[in-house]
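Notes follow the structure.
Residue numbers (full-length UniProt numbering): 1 to 128.
Here you go:
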């Protein structure tokens with residue numbers, strides 16, 4: 001797939017925005033990047049998810065995690081357990097996703113975002 005200079009600039013800007021919001025809000029870039037790749041850049045759902053996963057491999061929040069760690073906000077043992085589970089879960093989820101039709105994967109992604117949004121908007125405690 002060849003990209004124009006404008007498309008390359010757009011992808012770079014999308015990466016910057018996703019990284020900024022990831023560091024600010026503690027979310028993975030997929031929530032922003034996957035829909036942008038599909039609806040702005042014309043990727044299929046499978047291409048968008050695969051590209052987003054590849055995008056997150058090198059940086060996966062390393063610099064943002066460092067900032068949180070330096071301020072005492074990283075629970076190391078919990079992180080290691082989460083990483084162990086995430087490795088297995090992401091392998092199994094990726095293996096399943098590539099077998100499903102694009103529309104089904106898109107709907108699963110949309111439902112996930114909707115459920116998380118409803119939880120945050122209506123069922124989040126006001127305690128900090």
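In this text, a Cβ means the ideal position worked out from N, Cα and C, and glycines have one as well. Remember, it's a predicted structure, so these values are computed and weren't measured experimentally.
Quiz item: Closest by CA to residue 94, which one among 28, 47, 76, 118?
Solution: Looking up residue 94 in the chain shown gives position 94. Cα-wise, what sits closest to residue 94 is 47.
* Compute the Euclidean distance between the alpha carbons of residue 13 and residue 60, then round it to the nearest angstrom. => If you number the chain shown from 1, residue 13 lands on position 13. If you number the chain shown from 1, residue 60 lands on position 60. For residue 13 and residue 60, the distance between alpha carbons rounds to 17 Å.
Is the Cβ-Cβ distance between residue 129 and residue 54 less than 7 Å?
-> Absent from the structure is residue 129, since the part of the chain shown begins at 1 and ends at 128.
(request) Apply the 10 Å Cβ neighbour rule to residue 107 and answer buried if 16 or more other Cβ atoms are within range, or exposed otherwise. (result) For this step, residue 107 is matched to residue 107 along the chain shown. Classification for residue 107: exposed.
Notebook entry, point to check: Counting Cβ pairs, one atom from each stretch, are 3 or more of them under 8 Å apart for the stretch 98-113 and the stretch 31-45?
Noted result: yes
Handout entry: Test item: CB-CB of residue 30 and residue 7 under 7 Å
Key = Within the chain shown, the letter at position 30 stands for residue 30. Within the chain shown, the letter at position 7 stands for residue 7. No, the Cβ-Cβ distance between residue 30 and residue 7 is not below 7 Å.
Exercise. Excluding five sequence neighbours on each side, which residues of the same chain lie with their C-beta closer than 8 Å to the C-beta of residue 44?
Worked result: Locating residue 44 in the chain shown gives position 44, counting from the first residue. 38, 102.
- Below 8 Å on the Cβ atoms is my guess for residue 64 versus residue 23; work out the distance and round it to an integer in Å. On the chain shown, position 64 is the one that residue 64 refers to. On the chain shown, position 23 is the one that residue 23 refers to. Yes, residue 64 and residue 23 are in contact; Cβ-Cβ is about 4 Å, under 8 Å.
Check: To the nearest angstrom, how far is it from the Cα of residue 125 to the Cα of residue 4?
Finding: For this step, residue 125 is matched to residue 125 along the chain shown. For this step, residue 4 is matched to residue 4 along the chain shown. Whole-angstrom Cα-Cα distance: 46 Å.
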